[in-house]
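Residue numbers (the numbering used here): 5 to 228.
Structure record follows, encoded as C-alpha coordinates.
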(Lines of atoms letter the chains of each structure in order from A and count residues from 1; the text may use other names and numbers.)
(Lines give C-alpha, C1' and ligand atoms only; values in the text may rest on other atoms or scores of the structure.)
Protein backbone atom coordinates (compact mmCIF):
# COMPACT_ATOMS: atom_id res chain seq x y z
CA UNK A 1 0.00 0.00 0.00
CA UNK A 2 1.47 3.38 -0.97
CA UNK A 3 0.59 6.86 0.18
CA UNK A 4 1.56 10.34 -0.81
CA UNK A 5 1.71 13.35 1.40
CA UNK A 6 -1.65 14.61 2.61
CA UNK A 7 -2.79 11.59 4.64
CA UNK A 8 -4.94 12.42 7.64
CA UNK A 9 -4.92 10.59 10.96
CA UNK A 10 -7.76 11.20 13.41
CA UNK A 11 -7.66 10.84 17.18
CA UNK A 12 -11.03 9.20 17.72
CA UNK A 13 -13.37 10.56 20.37
CA UNK A 14 -15.37 7.33 20.63
CA UNK A 15 -14.85 3.58 20.66
CA UNK A 16 -13.19 2.41 17.44
CA UNK A 17 -12.54 -0.94 15.81
CA UNK A 18 -10.10 -1.52 12.96
CA UNK A 19 -12.10 -2.74 9.98
CA UNK A 20 -9.14 -4.74 8.67
CA UNK A 21 -7.64 -6.55 11.67
CA UNK A 22 -10.78 -6.39 13.79
CA UNK A 23 -8.95 -5.12 16.88
CA UNK A 24 -10.94 -3.07 19.36
CA UNK A 25 -8.97 0.18 19.52
CA UNK A 26 -10.93 1.76 22.36
CA UNK A 27 -11.35 5.50 22.94
CA UNK A 28 -8.91 8.08 21.59
CA UNK A 29 -7.48 5.65 19.06
CA UNK A 30 -5.35 6.95 16.21
CA UNK A 31 -7.05 5.90 13.01
CA UNK A 32 -7.26 6.63 9.31
CA UNK A 33 -10.45 6.54 7.32
CA UNK A 34 -10.20 4.67 4.04
CA UNK A 35 -13.02 4.85 1.54
CA UNK A 36 -14.81 1.53 1.35
CA UNK A 37 -12.97 0.13 4.37
CA UNK A 38 -13.83 2.46 7.23
CA UNK A 39 -11.41 2.96 10.10
CA UNK A 40 -7.94 1.46 10.02
CA UNK A 41 -5.44 1.30 12.85
CA UNK A 42 -2.03 2.75 12.09
CA UNK A 43 -0.52 -0.71 11.79
CA UNK A 44 -2.96 -1.81 9.10
CA UNK A 45 -2.59 1.57 7.40
CA UNK A 46 1.20 1.07 7.25
CA UNK A 47 1.74 4.22 9.30
CA UNK A 48 2.88 2.70 12.57
CA UNK A 49 6.57 3.27 11.76
CA UNK A 50 6.09 7.03 11.79
CA UNK A 51 6.84 9.18 14.83
CA UNK A 52 4.62 11.92 16.19
CA UNK A 53 5.77 15.54 16.07
CA UNK A 54 3.44 17.82 18.08
CA UNK A 55 2.47 21.23 16.70
CA UNK A 56 4.25 24.28 18.01
CA UNK A 57 7.55 24.52 16.17
CA UNK A 58 6.79 25.75 12.67
CA UNK A 59 10.34 25.40 11.36
CA UNK A 60 10.75 21.86 12.69
CA UNK A 61 7.36 20.86 11.31
CA UNK A 62 8.05 22.32 7.89
CA UNK A 63 11.45 20.70 7.57
CA UNK A 64 10.31 17.33 8.89
CA UNK A 65 7.51 17.19 6.36
CA UNK A 66 9.87 18.23 3.59
CA UNK A 67 12.35 15.46 4.40
CA UNK A 68 9.75 12.76 5.04
CA UNK A 69 8.68 10.68 2.05
CA UNK A 70 5.57 9.75 3.98
CA UNK A 71 3.75 11.97 6.46
CA UNK A 72 0.30 12.41 7.94
CA UNK A 73 -1.53 15.29 9.58
CA UNK A 74 -2.99 14.41 12.98
CA UNK A 75 -6.40 15.92 13.80
CA UNK A 76 -8.61 15.81 16.88
CA UNK A 77 -12.23 16.93 17.24
CA UNK A 78 -12.74 19.87 19.59
CA UNK A 79 -16.10 19.71 21.29
CA UNK A 80 -15.84 23.31 22.45
CA UNK A 81 -15.00 24.73 19.03
CA UNK A 82 -16.98 22.17 17.03
CA UNK A 83 -14.17 21.52 14.59
CA UNK A 84 -11.15 19.37 13.96
CA UNK A 85 -7.91 20.92 15.19
CA UNK A 86 -4.41 20.03 14.11
CA UNK A 87 -2.35 18.26 16.77
CA UNK A 88 0.82 17.69 14.81
CA UNK A 89 2.39 15.43 12.20
CA UNK A 90 3.43 11.83 11.81
CA UNK A 91 6.77 11.73 10.00
CA UNK A 92 9.64 9.36 9.37
CA UNK A 93 12.12 9.17 12.22
CA UNK A 94 15.08 9.95 9.96
CA UNK A 95 13.29 13.02 8.61
CA UNK A 96 12.66 14.33 12.12
CA UNK A 97 16.28 13.79 13.11
CA UNK A 98 17.50 15.65 10.02
CA UNK A 99 15.06 18.49 10.65
CA UNK A 100 16.18 18.72 14.29
CA UNK A 101 19.83 18.97 13.21
CA UNK A 102 18.98 21.79 10.79
CA UNK A 103 16.97 23.66 13.41
CA UNK A 104 19.75 23.30 15.97
CA UNK A 105 22.20 24.77 13.48
CA UNK A 106 19.82 27.63 12.83
CA UNK A 107 19.33 28.18 16.54
CA UNK A 108 23.07 28.59 16.96
CA UNK A 109 23.03 31.14 14.16
CA UNK A 110 20.05 32.95 15.66
CA UNK A 111 21.72 33.00 19.07
CA UNK A 112 24.87 34.47 17.55
CA UNK A 113 22.77 37.05 15.70
CA UNK A 114 20.94 38.01 18.89
CA UNK A 115 24.26 38.36 20.67
CA UNK A 116 25.64 40.57 17.89
CA UNK A 117 22.52 42.72 17.93
CA UNK A 118 22.70 43.03 21.69
CA UNK A 119 26.32 44.11 21.53
CA UNK A 120 25.49 46.54 18.75
CA UNK A 121 22.69 48.09 20.80
CA UNK A 122 25.05 48.44 23.75
CA UNK A 123 27.58 50.16 21.54
CA UNK A 124 25.12 52.76 20.33
CA UNK A 125 24.58 56.01 22.18
CA UNK A 126 21.20 56.87 20.71
CA UNK A 127 21.01 60.46 21.88
CA UNK A 128 24.47 61.22 20.54
CA UNK A 129 23.72 59.43 17.27
CA UNK A 130 20.56 61.47 16.85
CA UNK A 131 22.51 64.70 17.35
CA UNK A 132 25.27 63.58 15.01
CA UNK A 133 22.82 62.56 12.28
CA UNK A 134 21.05 65.92 12.56
CA UNK A 135 24.41 67.63 12.10
CA UNK A 136 25.08 65.50 9.01
CA UNK A 137 21.70 66.52 7.58
CA UNK A 138 22.44 70.17 8.40
CA UNK A 139 25.79 70.14 6.58
CA UNK A 140 24.65 67.85 3.74
CA UNK A 141 20.96 68.65 3.17
CA UNK A 142 20.80 66.71 -0.11
CA UNK A 143 22.08 63.52 1.47
CA UNK A 144 19.71 60.62 0.58
CA UNK A 145 17.00 60.04 3.16
CA UNK A 146 18.12 57.82 6.03
CA UNK A 147 21.76 57.92 5.05
CA UNK A 148 22.61 60.38 7.83
CA UNK A 149 21.53 57.78 10.41
CA UNK A 150 23.75 55.10 8.88
CA UNK A 151 26.68 57.51 8.88
CA UNK A 152 26.07 58.47 12.50
CA UNK A 153 25.65 54.88 13.71
CA UNK A 154 28.86 53.81 12.01
CA UNK A 155 30.91 56.79 13.10
CA UNK A 156 29.68 57.03 16.68
CA UNK A 157 29.82 53.44 17.88
CA UNK A 158 31.32 53.19 21.34
CA UNK A 159 34.81 51.78 21.78
CA UNK A 160 35.37 51.93 18.02
CA UNK A 161 37.99 54.64 17.86
CA UNK A 162 36.11 56.01 14.87
CA UNK A 163 35.93 59.65 13.99
CA UNK A 164 32.55 60.11 15.64
CA UNK A 165 34.05 59.28 19.03
CA UNK A 166 36.64 62.05 18.86
CA UNK A 167 36.38 65.11 21.08
CA UNK A 168 35.81 67.39 18.11
CA UNK A 169 33.04 65.17 16.78
CA UNK A 170 31.31 65.26 20.14
CA UNK A 171 31.25 69.04 19.73
CA UNK A 172 29.66 68.48 16.31
CA UNK A 173 32.69 70.08 14.67
CA UNK A 174 32.14 70.48 10.94
CA UNK A 175 35.48 68.96 9.97
CA UNK A 176 34.92 65.85 12.09
CA UNK A 177 31.42 65.32 10.72
CA UNK A 178 32.70 65.85 7.19
CA UNK A 179 35.35 63.19 7.72
CA UNK A 180 32.62 60.72 8.70
CA UNK A 181 30.59 61.57 5.62
CA UNK A 182 33.68 61.30 3.42
CA UNK A 183 34.44 57.83 4.76
CA UNK A 184 30.88 56.71 4.14
CA UNK A 185 30.84 58.01 0.57
CA UNK A 186 34.17 56.36 -0.15
CA UNK A 187 32.85 52.95 0.89
CA UNK A 188 29.23 53.24 -0.27
CA UNK A 189 29.41 55.37 -3.42
CA UNK A 190 32.69 54.38 -5.09
CA UNK A 191 34.61 51.22 -5.98
CA UNK A 192 37.12 51.91 -3.21
CA UNK A 193 36.51 48.60 -1.42
CA UNK A 194 36.92 46.71 -4.68
CA UNK A 195 40.29 48.35 -5.20
CA UNK A 196 41.40 47.27 -1.73
CA UNK A 197 40.22 43.73 -2.42
CA UNK A 198 42.40 43.64 -5.51
CA UNK A 199 45.43 44.60 -3.43
CA UNK A 200 45.55 48.30 -4.17
CA UNK A 201 47.35 50.42 -1.57
CA UNK A 202 44.90 52.30 0.66
CA UNK A 203 46.23 55.76 -0.17
CA UNK A 204 46.50 54.98 -3.86
CA UNK A 205 42.90 53.75 -3.82
CA UNK A 206 41.81 56.97 -2.12
CA UNK A 207 43.50 59.00 -4.84
CA UNK A 208 41.69 57.00 -7.52
CA UNK A 209 38.23 57.61 -6.06
CA UNK A 210 38.89 61.16 -4.83
CA UNK A 211 37.11 62.89 -7.71
CA UNK A 212 34.04 60.70 -7.29
CA UNK A 213 33.97 61.40 -3.56
CA UNK A 214 34.22 65.15 -4.19
CA UNK A 215 31.39 65.01 -6.73
CA UNK A 216 29.07 63.20 -4.34
CA UNK A 217 29.88 65.53 -1.47
CA UNK A 218 29.15 68.53 -3.69
CA UNK A 219 25.78 67.02 -4.59
CA UNK A 220 24.94 66.25 -0.99
CA UNK A 221 25.83 69.77 0.10
CA UNK A 222 23.48 71.10 -2.53
CA UNK A 223 26.16 73.20 -4.18
CA UNK A 224 24.96 72.15 -7.64
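Virtual Cβ for every residue (Gly too), placed ideally from N, Cα, C.
The three-state reading of DSSP puts residue 115 in helix, counting H, G and I together. If you compare the alpha carbons of 46, 212, 12 with that of residue 21, the shortest gap goes to 46. Straight-line measurement puts the Cα of residue 224 at about 60 Å from the Cα of residue 76.
Counting other Cβ atoms within 10 Å of its Cβ, residue 66 stays below 16 and is therefore classed as exposed. Fully enclosed alpha helix (DSSP H) runs of no fewer than 4 residues occupy 62 to 71 of the segment 49 to 79, in order along the chain.
With respect to the 8 Å criterion, residue 57 and residue 100 are classified as neighbours on the basis of their beta carbons.
Going by beta carbons, residue 44 and residue 24 fall inside the 8 Å limit. The beta-bridge partner set that DSSP reports for residue 28 consists of 21.
Put simply, of 196, 131, 194, 144 the residue whose alpha carbon is nearest the alpha carbon of residue 222 is 144. For residue 159, the closest alpha carbon among the candidates 63, 71, 189, 205 is that of 189. For residue 35, DSSP records a beta bridge to 14, 45.
Counting only the Cα atoms, residue 81 lies some 16 Å from residue 93. If you draw a 10 Å sphere on the C-beta of residue 36, you find 16 or more other C-beta atoms in it, and that means buried.
Residue 89 carries a strand assignment under DSSP once its states are collapsed to helix, strand and coil. Rounded to the nearest whole angstrom, the CA to CA distance from residue 72 to residue 85 is 31 Å. Taking the Cβ atoms as the reference, residue 140 lies roughly 6 Å from residue 181, within the contact range of under 8 Å. Spatial neighbours of residue 48 in its own chain (CB-CB distance under 6 Å, excluding positions within 5 residues in sequence) are listed in chain order as 22, 24, 25. Take residue 32, set aside five residues on each side of it, and the residues of its chain with a beta-carbon closer than 8 Å to its own are 15, 16, 17, in chain order. Between residue 133 and the set 157, 74, 110, the nearest pair of CA atoms involves 157. When C-alpha distances from residue 155 are compared across 130, 187, 177, 179, the shortest belongs to 187. Annotated as distal: residue 95 and residue 13, with beta-carbon spacing of 8 Å or more.
Where residue 184 is concerned, the enclosing alpha helix (DSSP H) starts and stops at 178 to 192.
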